[in-house]
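Residues 709 to 844 in my numbering are what the sequence shown spells out, letter by letter. Structure first, then comments.
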Amino acid sequence: MTHQTVGHLIRPGLPGDPRANVAEPSPSCPVEITLAALRGRWTTLVIRELLQGERTFTELRQALPALSDKVLSDRLAHLAEAGVVDRRREPGWPPRTHYRLTPQGHGLGPVLQALWDWGAQHQPPEGDGAGQVGFV
Numbered sequence: 709m710t711h712q713t714v715g716h717l718i719r720p721g722l723p724g725d726p727r728a729n730v731a732e733p734s735p736s737c738p739v740e741i742t743l744a745a746l747r748g749r750w751t752t753l754v755i756r757e758l759l760q761g762e763r764t765f766t767e768l769r770q771a772l773p774a775l776s777d778k779v780l781s782d783r784l785a786h787l788a789e790a791g792v793v794d795r796r797r798e799p800g801w802p803p804r805t806h807y808r809l810t811p812q813g814h815g816l817g818p819v820l821q822a823l824w825d826w827g828a829q830h831q832p833p834e835g836d837g838a839g840q841v842g843f844v
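What follows is the structure, encoded as structure tokens:
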């Protein structure tokens, strides 16, 4: 298969983009940008909850009871900084903060599904303790 405009052979699984021809990771690499947005334990589960719709901090905390308030706050701040989450504060007492995915954040849904699918096909044998935290 060749690229429509350049005529270069595209290898399966590799992009036909000149940015892919690097010898070391670069912050401008699209894969590195995606991995940076998803970094940190619990991030994928926070995104999973927000893929279902807007949530308050309290609703997120209830959906992920093993997640500490500090880590949840850190993950939400990181996701907002990455442009994945919008934060809206509602006036009143007590103040409520609502979180929802941006269009960029919704674009991570298929990425997470692809990661899930790959992991489901390559699960280690039972009993070795790996892969105990799921996305579903």
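Even glycine gets a Cβ: it sits at the ideal position worked out from N, Cα and C.
- Taking the CA atoms as reference points, E767 sits about 20 Å from G748.
- Per DSSP, L816 lies in no beta strand (DSSP E); the unbroken alpha helix (DSSP H) holding it starts and ends at L816 to Q829.
- According to the DSSP assignment, D794 belongs to the beta strand (DSSP E) that extends over V793 to E798.
- With a beta-carbon spacing of about 6 Å, I755 and L816 fall inside the 8 Å limit used to define contacts.
- T752: member of the alpha helix (DSSP H) spanning T751 to L759, first to last residue.
- The continuous beta strand (DSSP E) containing L809 extends over residues R804 to L809.
- When C-alpha distances from R796 are compared across R808, A790 and C737, the shortest belongs to R808.
- In the DSSP annotation of this structure, the continuous segment of the alpha helix (DSSP H) that includes E789 starts and ends at D777 to E789.
- Per DSSP, reduced to three states, the secondary structure at R769 is helical.
- R747 carries a coil assignment under DSSP once its states are collapsed to helix, strand and coil.
- When the Cα atoms are used, F765 and S734 turn out to be separated by approximately 34 Å.
- Within the same chain, A790 and V792 come within 6 Å of A745 by CB-CB distance, once the 5 residues on both sides are set aside.
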